[in-house]
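K.L.:
Protein chains: 2
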Amino acid sequence: MRVLILGIDGYLGWALAQHLAHRGHEVAGCDNYARRDWVAEVGSQSATPVPRMTERLEAFRQHFGQNLRFHRGTVVDYKFVWNLLRSFRPEAIVHLAEMPSAPYSMIDVDHCVFTHTNNVVGTLNVLYAMHEVCPNAHLVKLGSMGEYGTPNIDIAEGMFEIEYRGRRDRLPFPRQASSWYHQTKVHDSNNISMACRIWGLRSTDVMQGVVYGTRIPAMPEGDDRMLTRFDHDQCFGTAINRFCAQAVTGMALTVYGKGTQQRGFLPLCDSVQCLGIAVEKPPLASEYRVLNQFEEVYSIKDLAEKVRAAATRRGLDVRVAFFENPRAEAASHYYAPDHTKLFELGYVPTRDMDGQIDQMLRDLLPHRGRIAARVHAVAPDIRWDGSRRPSEETS
Amino acid sequence: MRVLILGIDGYLGWALAQHLAHRGHEVAGCDNYARRDWVAEVGSQSATPVPRMTERLEAFRQHFGQNLRFHRGTVVDYKFVWNLLRSFRPEAIVHLAEMPSAPYSMIDVDHCVFTHTNNVVGTLNVLYAMHEVCPNAHLVKLGSMGEYGTPNIDIAEGMFEIEYRGRRDRLPFPRQASSWYHQTKVHDSNNISMACRIWGLRSTDVMQGVVYGTRIPAMPEGDDRMLTRFDHDQCFGTAINRFCAQAVTGMALTVYGKGTQQRGFLPLCDSVQCLGIAVEKPPLASEYRVLNQFEEVYSIKDLAEKVRAAATRRGLDVRVAFFENPRAEAASHYYAPDHTKLFELGYVPTRDMDGQIDQMLRDLLPHRGRIAARVHAVAPDIRWDGSRRPSEETS
């Protein structure tokens, strides 16, 4: 299948390109290297060194025997997107070209507006270009489990059937996002759903949990050019990844609040597996399909304990530290999201979090110097109230 | 009360300024005259001549005895909004500064993206400026009943209490908008709701029905400078207004589809009455209050018949014509939106649609030449599929 990856230079994009090539698909991609710039802007860098794209492409050719067609540009430029679709004629488009950080979007009005423009306008451009150029292609769009928030009822997969005052309907499950970044994902979901309804486009909107890990099976061993990026700063480093980076440098693991917040998680290998399944099993024309993509629900505190235990097994002395939560989010809450559709489509979860964490520690240990050099970018100081003030340790 | 009207040069804005001044409030406003430009862009003009703002302000001073503080600028410019709030220190902000046309937003990707940027970024700027400058002020934001779409259950006012799989929660009522314009209103609602939750702002989000009419009681008789604008083109002319403009020029009344679509409607005098009530009775800090603002539900066909009958009484010979519907919307559907909160707050509906329509015909007859000169802008050719092709008459 011809698959176009928007945002191929990112954490998921570069891994997914390898997974799809390994499965025999023809891969093209675009990026404007924005992720490299954003991470630099917040004072950090990827723990794993990220080679220039020309080197990445050369390594890709050597390992997978195909010339990955790469175009430098941004999805916010409509003509760029249009030309991309026109020249590659993709059968599937995986849209990973959004700004993916909640704290980054909360820095100030400029970052809030930038996140909206980059994410919402980018997706609108993709929808219009598909409508004009390749209306039968399948859009696999990366959303977030964070769109749903933490309601006091079970979370359905996108739509739910309800009875209200004696009448029934199948309606979009209510969204209650808690950051501007997550709001842009909600806006995208609404826009994509409408485009499917009025234009007959087909799309899979992936409500993804928090991804962690350094490896996927398709990634060739022993060639660091094929590693994907790995962020550990307060903006782009998500829970487990940040904990592992902290562990290898002997920093305390920074848990926000009491750590009783619960979220869905999945390893990088499962993320690319699921995205691959979505690509290979497209929905029908006009169908707006929502998949809740995660393996298991954990509390943040439990994850920190898991990383601490894994680090201890490797002889690393690490402690878990609790910081006042810079975010506005519920501390204790009901959390029971459905996740059955991907299993029905064939998802086989790895179910080896301890093994994944140990692999991460092994991959990160050689780069502990790079991580330690950016230690100031890890401590949280971006607050949801709009101020910038370091969180205090509470225990 | 010090009330700032964003978009004071528009259909609602200019009328509301008079209503609020009449009730003793101190009014300030801003506009960038975008509505004048958009209507010109689609080849039309207001049926009632719109004087320059300097003339409007002079007339306002004469009739209401106050100098309305006016600033020319756009809410998409954050510094402009910030300075506006800083200098006027409003107690209430009525945000009417959005692009308000569904067909205009559907013209092409440029108009879709413009509508998103103008509306969503404008509202984000207002939220951030309020948070920084006047966090206790009350934001009255114009949304739309179109945010809800036409679900098969009763439509609650913003939030609804539901039971799902044996658990209960109070959640946002699902939104299913059917144009990019309406989607931007949904995005705004989500963003405003979050700002109230995380920053403690207070806001009333007005899900307004379709407004019609030329007059409000506070409008001085006999001074045309005080009339508000009146659009009748396919983009900015909404159902009843467009029918009345067609009636006075002898054009057929253009009903889309079978005309069985149902919507909530209210006269201009009720719209300003309700907005005034919202201003004078603000919600508590942190409260995100949604009001469904309309008087009564009608089908489009019934409204066309009402206008035809009123025109006949004035000796005008008019027919109702059915055109293929350029929009993607349900033809026959359940429609039962709640609208109790405004009544509880003191809204007394005018309940005189026939009188309002007759007044409109009287106000428009002197301007039939101006309307006839722009007759080409009335017939629908902006289609929801992205093409531009005149709708055929079907009966």
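First to last, the sequence lines map onto chains A and B. At position 24 of the first sequence (counting the first as 1) the number is 146 in my numbering, and the numbers step up by one without a gap. At position 126 of the second sequence (counting the first as 1) the number is 248 in my numbering, and the numbers step up by one without a gap. Just so you know, even glycine gets a beta-carbon here, dropped at the ideal spot from N, CA and C.
1. Could you check whether the Cβ of residue 239 of chain A sits closer than 8 Å to any Cβ belonging to chain B?
2. Are any of the Cβ atoms in chain B nearer than 8 Å to that of residue 305 of chain A?
3. Taking only three categories from DSSP, how would you classify residue 308 of chain A?
4. Tell me whether the beta-carbon of residue 341 of chain B lies closer than 8 Å to the beta-carbon of residue 137 of chain B.
5. Between the Cα of residue 418 of chain A and the Cα atoms of A:466, A:385 and A:351, which residue gives the shortest distance?
6. Give the interface partners of residue 300 of chain A over in chain B, defined as CB-CB distance under 9 Å, in chain order.
7. Roughly how many angstroms separate the alpha carbons of residue 125 of chain B and residue 189 of chain B, rounded to a whole number?
8. Which two residues bound the contiguous alpha helix (DSSP H) that contains residue 225 of chain B?
9. Within 10 angstroms of its Cβ, does residue 495 of chain A collect 16 or more other Cβ (buried), or is it exposed?
10. Run through DSSP, which three-state label would residue 510 of chain B get?
11. Anything in chain B within Cβ reach of residue 282 of chain A, meaning under 8 Å, just list it in chain order.
12. Give the list of continuous beta strand (DSSP E) stretches no shorter than 3 residues that lie fully inside the stretch 382-421 of chain A.
13. Using only CA atoms, which one of A:433, A:414 and A:236 lies nearest to residue 363 of chain A?
14. When DSSP labels each residue in this structure, what does residue 213 of chain A get in the three-state scheme?
15. DSSP three-state label for residue 315 of chain A, please.
16. Extract the residue ranges of the beta strand (DSSP E) inside the stretch 333-381 of chain A, only unbroken runs of 3 or more that lie entirely within it.
17. Which of the three DSSP states is assigned to residue 481 of chain A in this structure?
18. Taking C-alpha atoms, which residue in A:481, A:443, A:388 and A:485 lies nearest to residue 470 of chain A?
19. Name the residues in the stretch 454-477 of chain B whose C-beta lies less than 8 Å from a C-beta of chain A; which are they?
20. Any C-beta of chain B sitting closer than 8 Å to the C-beta of residue 502 of chain A?
21. What do you get for residue 263 of chain A, buried or exposed, if any count of 16 or more other CB atoms within 10 angstroms of its CB means buried?
22. Suppose the cutoff is 8 Å on Cβ atoms and the five residues either side in sequence are ignored; what does the same chain contact list for residue 497 of chain A look like?
23. Give the straight-line distance between the Cα atoms of residue 301 of chain A and residue 423 of chain A, rounded to the nearest whole angstrom.
24. Take residue 332 of chain B as the anchor and find which of B:291, B:236, B:268 and B:441 has the nearest alpha-carbon.
25. For residue 253 of chain B, which residues in chain A fall below 8 Å Cβ to Cβ?
26. For residue 234 of chain A, go through chain B and note every residue whose CB falls closer than 8 Å to its CB, in chain order.
27. Please check if any C-beta of chain A sits within less than 8 Å of the C-beta of residue 217 of chain B.
28. Cβ of residue 441 of chain B less than 8 Å from any chain A Cβ?
29. Determine the closest residue to residue 154 of chain A out of A:166, A:202, A:186 and A:165, with distance taken between C-alpha atoms.
30. Give a yes or no on whether 8 Å exceeds the smallest Cβ distance from residue 293 of chain B to chain A.
31. Closest Cβ-Cβ distance between residue 229 of chain A and chain B: below 8 Å?
32. How big is the Cα-Cα spacing for residue 465 of chain A and residue 270 of chain A?
33. If you compare alpha carbons, which of A:514, A:453 and A:429 is closest to residue 479 of chain A?
34. Quick one: which chain A residues come within Cβ less than 8 Å of residue 274 of chain B?
35. Around the C-beta of residue 184 of chain B, are 16 or more other C-beta atoms found within 10 angstroms, so that it is buried, or is it exposed?
36. Give the residues of chain A in contact with residue 378 of chain B, contact being defined as C-beta atoms less than 8 Å apart.
P.N.:
For this structure:
1. Start at 1 with the first residue of the first sequence, and residue 239 of chain A comes out as number 117. It does: the Cβ of residue 239 of chain A has a partner Cβ on chain B nearer than 8 Å.
2. Walking along the first sequence from the start, residue 305 of chain A turns up at place 183. Chain B, which has a Cβ nearer than 8 Å to the Cβ of residue 305 of chain A, makes this yes.
3. In the first sequence, counting from the first residue as 1, residue 308 of chain A sits at position 186. DSSP places residue 308 of chain A in helix when its eight states are reduced to three.
4. Looking up residue 341 of chain B in the second sequence gives position 219. Looking up residue 137 of chain B in the second sequence gives position 15. Cβ distance < 8 Å, so residue 341 of chain B and residue 137 of chain B count as in contact.
5. The count along the first sequence starts at 1 and reaches residue 418 of chain A at position 296. The shortest Cα separation from residue 418 of chain A among A:466, A:385 and A:351 belongs to A:385.
6. Here the question's residue 300 of chain A lines up with position 178 in the first sequence. Here the neighbours are 316, 319 and 320.
7. The sequence position of residue 125 of chain B within the second sequence is 3, counting from 1. The sequence position of residue 189 of chain B within the second sequence is 67, counting from 1. If I take the Cα positions, the gap works out to 13 Å.
8. Stepping through the second sequence from its first residue, residue 225 of chain B is reached at position 103. Its alpha helix (DSSP H) spans residues 224-227.
9. Residue numbering aside, residue 495 of chain A sits at position 373 when the first sequence is read from its first letter. Looking at its Cβ environment, which holds fewer than 16 other Cβ atoms inside 10 Å, residue 495 of chain A is exposed.
10. One-based indexing of the second sequence puts residue 510 of chain B at position 388. Looking at residue 510 of chain B - three-state DSSP - the assignment turns out to be strand.
11. Locating residue 282 of chain A in the first sequence gives position 160, counting from the first residue. 286, listed in chain order.
12. 384-389, 410-415 and 418-421
13. Along the first sequence, read from residue 1 onward, the residue named residue 363 of chain A stands at position 241. Checking every option, the nearest Cα to that of residue 363 of chain A belongs to A:433.
14. Taking the first sequence and counting its residues from 1, the one referred to as residue 213 of chain A is at position 91. Coil.
15. The residue given as residue 315 of chain A occupies position 193 in the first sequence. Residue 315 of chain A falls in the helix class under three-state DSSP.
16. 375-378
17. Position 359 of the first sequence, counted from the first residue, corresponds to residue 481 of chain A. Reduced to three states, the DSSP call for residue 481 of chain A is helix.
18. As a working mapping, residue 470 of chain A is identified with position 348 in the first sequence. Proximity to residue 470 of chain A across A:481, A:443, A:388 and A:485 peaks at A:388, based on C-alpha coordinates.
19. 456
20. Here the question's residue 502 of chain A lines up with position 380 in the first sequence. Not an interface residue.
21. Stepping through the first sequence from its first residue, residue 263 of chain A is reached at position 141. So residue 263 of chain A ends up on the buried side.
22. Walking along the first sequence from the start, residue 497 of chain A turns up at place 375. Excluding positions up to five away in sequence, the list reads 371 and 373.
23. For the purposes of this step, residue 301 of chain A is taken as residue 179 along the first sequence, with counting starting at 1. For the purposes of this step, residue 423 of chain A is taken as residue 301 along the first sequence, with counting starting at 1. Approximately 21 Å between the Cα atoms of the pair.
24. Here residue 332 of chain B refers to the residue found at position 210 of the second sequence. With distances taken between Cα atoms, residue 332 of chain B lies closest to B:268.
25. Along the second sequence, one-based indexing puts residue 253 of chain B at 131. Correct list: 508.
26. As a working note, residue 234 of chain A is residue 112 in the first sequence. Ordered by position in chain B, the residues that pass the 8 Å Cβ test against residue 234 of chain A are 246 and 250.
27. Here residue 217 of chain B refers to the residue found at position 95 when the second sequence is read from its first residue. It does not; no Cβ of chain A falls within 8 Å.
28. In the second sequence, counting from the first residue as 1, residue 441 of chain B sits at position 319. So no, residue 441 of chain B is outside the interface.
29. If you number the first sequence from 1, residue 154 of chain A lands on position 32. Closest in alpha carbon position to residue 154 of chain A, among A:166, A:202, A:186 and A:165, is A:202.
30. On the second sequence, residue 293 of chain B is found 171 positions in, with the first residue counted as 1. Yes, contact with chain A.
31. Indexing the first sequence from 1 puts residue 229 of chain A at position 107. Not closer than 8 Å to any Cβ of chain B, the Cβ of residue 229 of chain A fails to qualify, so no.
32. What you label residue 465 of chain A is simply residue 343 of the first sequence in a count that begins at 1. What you label residue 270 of chain A is simply residue 148 of the first sequence in a count that begins at 1. Residue 465 of chain A and residue 270 of chain A: Cα-Cα distance of roughly 20 Å.
33. Looking up residue 479 of chain A in the first sequence gives position 357. It is A:429.
34. Locating residue 274 of chain B in the second sequence gives position 152, where the first residue counts as 1. The answer, in chain order, is 289, 290 and 291.
35. Along the second sequence, one-based indexing puts residue 184 of chain B at 62. Per the 10 Å Cβ criterion, exposed.
36. Translated into positions along the second sequence, residue 378 of chain B becomes position 256. Within chain A, no residue comes near residue 378 of chain B; the closest Cβ sits about 15 Å away, beyond 8 Å.
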